[in-house]
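To start, the structure itself, in structure tokens.
Residue numbers (full-length UniProt numbering): 1 to 183.
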């Protein structure tokens, strides 16, 4: 495992830029995180106004500065507005990270998240020398399961009470992608 770099790594795909989330992105994240279609399978602290997003961004920045995690904003090529985010908040083990992602509903089903996942996976395996990436998905979130399978993840197990939120345990489907020798 390599530690996260000191300078935030910007990643690019043919249609996307994965960039550092800044305070100027508060309205974008507020829109994303208050859309019930997006958060149906994603636990979020209730947000009442755009300013409530600032501590979330501060947490992302602190996690990166402390080399504990990284969260990229997903922007369309040549745009600065975010259409989603992707990354990890912590290392599960020294060589494994838990991937989290969300995308504005208007961009679902267009292959954007698959592009973003593949860019992050490649970065984690090559630059960070991680061996495994996991993603925990609440049962019923078939769209996230499909995109994970499309990007080379496989279902490992149903983890009973694998996610704790507000002192309540939730079962999750665990998807895994292991580093292959060619990465």
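The C-beta atom is built at its ideal place from N, Cα and C for all residues, glycine as well.
So the beta strand (DSSP E) residue 158 belongs to, where does it begin and stop?
154-165
Closer than 6 Å by C-beta to residue 72: which residues in its own chain qualify, once you throw out the five before and the five after it? Chain order, please.
18, 86, 87
Of all the options 166, 142, 167, which has the alpha carbon lying nearest to the alpha carbon of residue 155?
142
C-beta contact flag for residue 172 and residue 134 at 7 Å:
no
I'd like to confirm the pairing. Which residues does DSSP put opposite residue 17 in its beta bridges?
According to DSSP, which records beta bridges pairwise, residue 17 is partnered with 12, 75.
Under the three-state reduction of DSSP, which class applies to residue 178: helix, strand or coil?
strand
Candidates 144, 5, 153, of which the one nearest residue 39 by Cα:
144
Using the Cβ count rule (16 or more neighbours within 10 Å means buried), how would you classify residue 45?
By the Cβ-count criterion, residue 45 is exposed, with fewer than 16 other Cβ atoms from all chains shown falling within 10 Å of its own Cβ.
Between residue 69 and residue 48, is the Cβ-Cβ spacing less than 7 Å?
Against a cut-off of 7 Å, the Cβ pair of residue 48 and residue 69 comes out as no contact.
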